[in-house]
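Take any residue in the sequence shown, note its place counting from 1, add 28, and you have its number in my numbering.
We put the CB at the ideal spot given by N, CA and C, even for glycine.
Note that the structure is a prediction, hence the values are computed from the model and not measured.
Accompanying notes for the structure given below.
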Amino acid sequence: SLLFNTPLVSNLILYVLFLWLILSVSLNPRSWINLDKKWLNSLGDVSYGIYMYQMLVIFGVILVLKNHLQQLSPFTSTLVFYGIISAGVIGISYLSKYLFENKFLKWKGVVK
């Protein structure tokens with residue numbers, strides 16, 4: 029349809045839908061999406077580490093595994109690549125949180 033072939037209109041529709049989803053999840057206590065999960069809260073605790081370390085892990089995986097990943101099929105190499113990156117970033121973020129960040133937060137008086 030013409031509505032979705034016009035970039036401005038289709039982007040506006042998409043933005044409004046995302047706005048509705050965000051407001052519905054955050055403000056509606058009976059929302060059909062429940063994000064109050066223990067594992068999501070745990071990821072939220074290490075989100076700064078995820079933000080800080082993601083590019084280092086991506087570059088490291090590319091540097092170390094580039095030749096190995098090229099030998100796999102595109103589908104398999106994509107799964108392996110993103111699996112290693114996800115596990116690596118989350119693992120390093122947890123290590124950073126508990127080995128470094130918590131010590132600095134204790135000095136600041138934020139964590140007991």
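Start and end residues, alpha helix (DSSP H) containing residue i
i: Lys163; result: Absent from the structure is residue 163, since the part of the chain shown begins at 29 and ends at 140.
i: Gly88; result: Ser75 to Gln98
i: Pro35; result: Pro35 to Leu55
Length of the line joining the Cα atoms of residue i and residue j
i: Val89; j: Leu71; result: 21 Å
i: Ser105; j: Gly111; result: 10 Å
i: Leu49; j: Gly77; result: 26 Å
i: Lys134; j: Val108; result: 37 Å
i: Ser101; j: Ser121; result: 30 Å
i: Trp60; j: Lys66; result: 18 Å
i: Asn69; j: Leu97; result: 33 Å
i: Leu51; j: Arg58; result: 12 Å
i: Val138; j: Gln99; result: 48 Å
i: Leu47; j: Thr34; result: 20 Å
i: Lys131; j: Leu55; result: 34 Å
i: Asn95; j: Phe103; result: 16 Å
i: Leu127; j: Gly119; result: 12 Å
i: Tyr43; j: Leu123; result: 36 Å
Proximity below 8 Å, CB of residue i to CB of residue j
i: Val85; j: Val117; result: yes
i: Gly74; j: Lys136; result: The amino acid occupying residue 74 in the given sequence is Val; Gly does not appear at that position. Cβ atoms of Val74 and Lys136: not closer than 8 Å.
i: Val53; j: Leu63; result: yes
Member of the options whose CA lies at the smallest distance from the CA of residue i
i: Ile113; options: Ile50, Phe87, Trp135 and Leu51; result: Phe87
i: Ala115; options: Gln82, Ser54, Ser59 and Leu40; result: Gln82
i: Glu129; options: Leu42, Leu97 and Met80; result: Met80
Heavy atom of the ligand ATP within 7 Å of residue i beta-carbon
i: Leu123; result: With respect to the ligand ATP, the structure offers nothing, as it holds no ligand at all.
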